[in-house]
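Enquirer: In terms of numbering that gives the first Met the number 0, the sequence shown opens at residue 0 and continues consecutively.
We treat Cβ as the ideally placed atom computed from N, Cα and C, and that holds for glycine.
All values derive from a computational prediction rather than experimental measurement.
First the structure, then my questions, so here it is.
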Amino acid sequence: MSVRIGVEEEFHVLEVESGLLVPRANSLLRRLPRRTFTTELHQSTVESNSEVHTSLDDLYADLAATRRQLDAAASSLGLAAVAAGAAPLAPAAAAHPTAGARYRRMVEDYRTVADEQLICGAQVHVDVPDRDTAVRVMCAVSGWLPVLLALSASSPFWQGADTGYASWRTMLWQRWPTAGPVGCFASADEYDATVRDLVGSGIISDPGMIYYDVRPSAHLQTLELRICDSCPRAETVVLVAGLFRALVTEARERLGTGGAPGCDGRHEWLRGASWRAARSGLEGGLVDPGTHQEAPAGEVVRTLLTRLRPALEADGDWETVRSLAEEALAAGSAARRMRHVVEEEDLLACVDMLIAETRGERTPGRAAATHRGNPAQATGVTDPAQPFARPLTRR
């Protein structure tokens, strides 16, 4: 049986007419089930939590249903929910921390770093048998995580300006003291001792503030991927989830047979590889983990697919993941699509595109906003009851 996976998605809460972030998460959450949706550091963000699944098709259906539910609640308030690493129109004054002692302490301790945490990510959880396995696999998969970042990159704009990056969220995120590439540890005990030191020293207030690109979950028996931007298209989330599960499966099998871990513990190059992925997305070169040399993004993605094909085939995911990966390479990153809309129209049209893609529509720009907040009346868009242009199917 396939290993179980689950996804957490973070969404920006926007005012539809202006496209600006608004601190309305609590109003929105009152119309949503608390089992599925929750708060984040700022009141302009909500988080959804999927069920756990063994099938990518089931995960896709879950994400689609959750997004429909969120969109309906937001629309009823004149709001919109957007899945992207950063909202294009996010002024620095938009920070409104969520009430609570934990968030209040974070704002007091980290100041501007916390104030500018107006960013959203997607996290993928994969079941592991124990924490020792999680820690060993964590190191083994780390070299490939920048590729997953490139696939998800969706934050080229910050405070109304083009940053020149595909994922500016990554650059903001890595300012936290426990963010970025993780080191290698011999055991869960060694890892947990490091976490205790970080808490004991006051650098972080609790284990939940370990924000490495990948980590053993602080409260679940899972390995958690944290490097990715939130993705406007749910298909991209499914692609990343399928690849990450296969990476975990492949690493577990290799380690279980006494194979080399695939990591020498020297991650200095990995921070640079993450920077390269954040800078270029799918539109430039990526660092090949096997050679530590730059190669075209499409070549590195296909190298990863080839490496993971046995694990993907074992789960019945090969055709789905291969197809989604090729579509992603052909279409380019969300960052590229966002820039194209801004070049053709403006930033507000880019917001419209993100609203449409989060809903599951495929019409970019102002056509998606013929009737803002009412996708059923927009021209050239899919029926909101059918959120995605095509179902995921296994062949």
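Just the C-alpha distance for A294 and A272, rounded to the nearest angstrom, thanks.
Expert: As a first step, residue 294 is located in the sequence shown; it is residue number 295 there, counting from the start. As a first step, residue 272 is located in the sequence shown; it is residue number 273 there, counting from the start. When rounded, the distance between both Cα atoms is 11 Å.
Enquirer: Less than 8 Å between the CB atoms is what I'm expecting for R130 and H52, so what's the real figure, rounded?
Expert: The residue you call residue 130 lines up with position 131 of the sequence shown. The residue you call residue 52 lines up with position 53 of the sequence shown. Rounded, the Cβ-Cβ distance is 22 Å, inconsistent with contact.
Enquirer: Would you call the stretch 196 to 215 and the stretch 307 to 323 touching, i.e. three or more CB-CB distances under 8 Å?
Expert: no
Enquirer: Considering only residues of the same chain and omitting the five flanking positions on each side of R278, which have a CB-CB separation below 7 Å?
Expert: As a working mapping, residue 278 is identified with position 279 in the sequence shown. Result list for R278: Y164, A165, in chain order.
Enquirer: Going straight from the alpha carbon of L281 to that of I203, what length do you get?
Expert: Within the sequence shown, numbered from 1, the residue matching residue 281 stands at position 282. Within the sequence shown, numbered from 1, the residue matching residue 203 stands at position 204. Approximately 33 Å between the Cα atoms of the pair.
Enquirer: Whose CA, out of T256, F243, T305, I226, lies closest to the CA of L269?
Expert: Position 270 of the sequence shown, counted from the start, is the residue given in the question as residue 269. The candidate whose alpha carbon is nearest that of L269 is I226.
Enquirer: Considering only residues of the same chain and omitting the five flanking positions on each side of L28, which have a CB-CB separation below 8 Å?
Expert: Position 29 of the sequence shown holds residue 28. Hits under 8 Å: F36, T37, T38, V45.
Enquirer: Write down the C-beta distance between S186 and V127 rounded to the nearest angstrom, noting that I regard them as a contact closer than 8 Å.
Expert: Translated into the one-based positions of the sequence shown, residue 186 becomes position 187. Translated into the one-based positions of the sequence shown, residue 127 becomes position 128. The Cβ separation is near 14 Å, so there is no contact.
Enquirer: In the DSSP assignment, what residue or residues form a beta bridge with L224?
Expert: As a first step, residue 224 must be located in the sequence shown, where it is residue number 225. V123, V213.
Enquirer: In the DSSP assignment, find the alpha helix (DSSP H) that holds T256 and state where it starts and stops.
Expert: In the sequence shown, counting from the first residue as 1, residue 256 sits at position 257. Run containing T256: none; DSSP gives neither H nor E here.
Enquirer: Are the beta-carbon atoms belonging to L62 and V15 less than 8 Å from one another?
Expert: As a first step, residue 62 must be located in the sequence shown, where it is residue number 63. As a first step, residue 15 must be located in the sequence shown, where it is residue number 16. No, the pair does not count as a contact, with Cβ atoms beyond the cut-off.
Enquirer: Between which two residues does the beta strand (DSSP E) carrying T290 extend?
Expert: Working through the sequence shown from its first residue, we reach residue 290 at position 291. Secondary structure note for T290: it is in no beta strand (DSSP E), with a DSSP letter that is neither H nor E.
Enquirer: Assuming P141 is part of the alpha helix (DSSP H), what are its boundary residues?
Expert: The sequence position of residue 141 within the sequence shown is 142, counting from 1. Per the sequence presented here, residue 141 reads as Ser, with Pro not at that position. It is not in any alpha helix (DSSP H) - S141 carries neither H nor E in the DSSP assignment.
Enquirer: Is it the case that the Cβ atoms of S17 and A83 are separated by a distance below 8 Å?
Expert: The sequence position of residue 17 within the sequence shown is 18, counting from 1. The sequence position of residue 83 within the sequence shown is 84, counting from 1. No, the Cβ-Cβ distance between S17 and A83 is not below 8 Å.
Enquirer: Identify, in the order they occur along the chain, each residue of the same chain with its Cβ nearer than 6 Å to the Cβ of S1, setting aside the five sequence neighbours on each side.
Expert: The residue given as residue 1 occupies position 2 in the sequence shown. Cβ neighbours of S1 beyond the five flanking positions: T53, D314.
Enquirer: Are S47 and L58 close, meaning C-beta to C-beta below 8 Å?
Expert: Translated into the one-based positions of the sequence shown, residue 47 becomes position 48. Translated into the one-based positions of the sequence shown, residue 58 becomes position 59. Cβ distance not < 8 Å, so S47 and L58 don't count as in contact.
Enquirer: Could you give the residue range of the beta strand (DSSP E) that holds G5?
Expert: Here the question's residue 5 lines up with position 6 in the sequence shown. Going by DSSP, G5 is part of the beta strand (DSSP E) stretching over 4 to 14.
Enquirer: V236 and V6: beta carbons closer than 8 Å?
Expert: As a first step, residue 236 is located in the sequence shown; it is residue number 237 there, counting from the start. As a first step, residue 6 is located in the sequence shown; it is residue number 7 there, counting from the start. Yes, the Cβ-Cβ distance between V236 and V6 is below 8 Å.
Enquirer: Would you mind working out which of L224, A330, V300 sits nearest V123, comparing C-alpha positions?
Expert: For this step, residue 123 is matched to residue 124 along the sequence shown. Selected option, being the one with the closest Cα: L224.
Enquirer: Taking its Cβ as the centre, do 16 or more other Cβ atoms sit within 10 Å of E326, making it buried, or is it exposed?
Expert: Mapped onto the sequence shown, residue 326 falls at position 327. Result: exposed.
Enquirer: For Q116, tell me which candidate among A71, L219, W172, A178 has the shortest Cα-Cα distance.
Expert: Walking along the sequence shown from the start, residue 116 turns up at place 117. Cα-wise, what sits closest to Q116 is W172.
Enquirer: For S332, is the classification buried or exposed, using 16 other Cβ atoms within 10 angstroms of its Cβ as the cut-off for buried?
Expert: Working through the sequence shown from its first residue, we reach residue 332 at position 333. Buried, since its Cβ has 16 or more Cβ neighbours within 10 Å.
Enquirer: To the nearest angstrom, report how far apart G372 and D56 are at their CA atoms.
Expert: Within the sequence shown, the letter at position 373 stands for residue 372. Within the sequence shown, the letter at position 57 stands for residue 56. With a pLDDT of 45 at G372, under the threshold of 50, the modelled position of that residue is not reliable, and no figure is offered here.
Enquirer: When burial is assigned at 16 or more other CB atoms within 10 Å of the CB, is L395 buried or exposed?
Expert: Residue 395 cannot be examined here, being either before or after the span of the chain that is shown, 0 to 394.
Enquirer: For the alpha helix (DSSP H) containing A64, name the first residue and the last one.
Expert: Counting from 1 along the sequence shown, the entry for residue 64 is found at position 65. Here the alpha helix (DSSP H) through A64 covers 55 to 74.
Enquirer: From the DSSP output, read off the bridge partner residues of W157.
Expert: As a first step, residue 157 must be located in the sequence shown, where it is residue number 158. DSSP lists A160 as partners of W157.
Enquirer: Are D212 and S141 closer than 8 Å when you measure CB to CB?
Expert: As a working note, residue 212 is residue 213 in the sequence shown. As a working note, residue 141 is residue 142 in the sequence shown. Yes, these two residues count as a Cβ contact at 8 Å.
Enquirer: Find the nearest neighbour of R34 within the set A60, Q42, Q68, judged by alpha-carbon distance.
Expert: Numbered from its first residue, the sequence shown carries residue 34 at position 35. Ranking A60, Q42, Q68 by CA distance to the CA of R34 puts Q68 first.
Enquirer: Going by beta carbon distance, what residues of the same chain come within less than 6 Å of Y190, once the five residues before and after it are set aside?
Expert: To locate residue 190, count along the sequence shown from 1; it is residue 191. Closer than 6 Å at Cβ, skipping near neighbours: V134, F184.
Enquirer: With 16 as the cutoff for other CB atoms within 10 Å, does S75 come out buried or exposed?
Expert: What you label residue 75 is simply residue 76 of the sequence shown in a count that begins at 1. Counting Cβ neighbours within 10 Å, S75 comes out exposed, since fewer than 16 surround it.
Enquirer: If you check the beta carbons only, do A324 and V286 fall under 8 Å apart?
Expert: Start at 1 with the first residue of the sequence shown, and residue 324 comes out as number 325. Start at 1 with the first residue of the sequence shown, and residue 286 comes out as number 287. No. Outside cutoff.
Enquirer: Using the Cα positions of A139 and A250, report the straight-line distance between them to the nearest angstrom.
Expert: Looking up residue 139 in the sequence shown gives position 140. Looking up residue 250 in the sequence shown gives position 251. Taking the straight line joining both Cα atoms gives about 6 Å.
Enquirer: Where are the alpha helix (DSSP H) runs, 4 residues long or more, that stay fully inside the stretch 298 to 345, in chain order?
Expert: 317 to 330, 333 to 343
Enquirer: Are A24 and Q42 close, meaning C-beta to C-beta below 8 Å?
Expert: Here residue 24 is taken as the residue at index 25 of the sequence shown, counted from 1. Here residue 42 is taken as the residue at index 43 of the sequence shown, counted from 1. A24 is a Cβ neighbour of Q42, given a cutoff of 8 Å.
Enquirer: Would you kindly check if the distance between the Cβ of R168 and the Cβ of D228 is under 8 Å?
Expert: Here residue 228 corresponds to residue number 229 of the sequence shown, with the count starting at 1. Here residue 168 corresponds to residue number 169 of the sequence shown, with the count starting at 1. Yes, the pair counts as a contact, with Cβ atoms nearer than the cut-off.
Enquirer: Three-state secondary structure (DSSP) at G182?
Expert: Here residue 182 is taken as the residue at index 183 of the sequence shown, counted from 1. G182 falls in the coil class under three-state DSSP.
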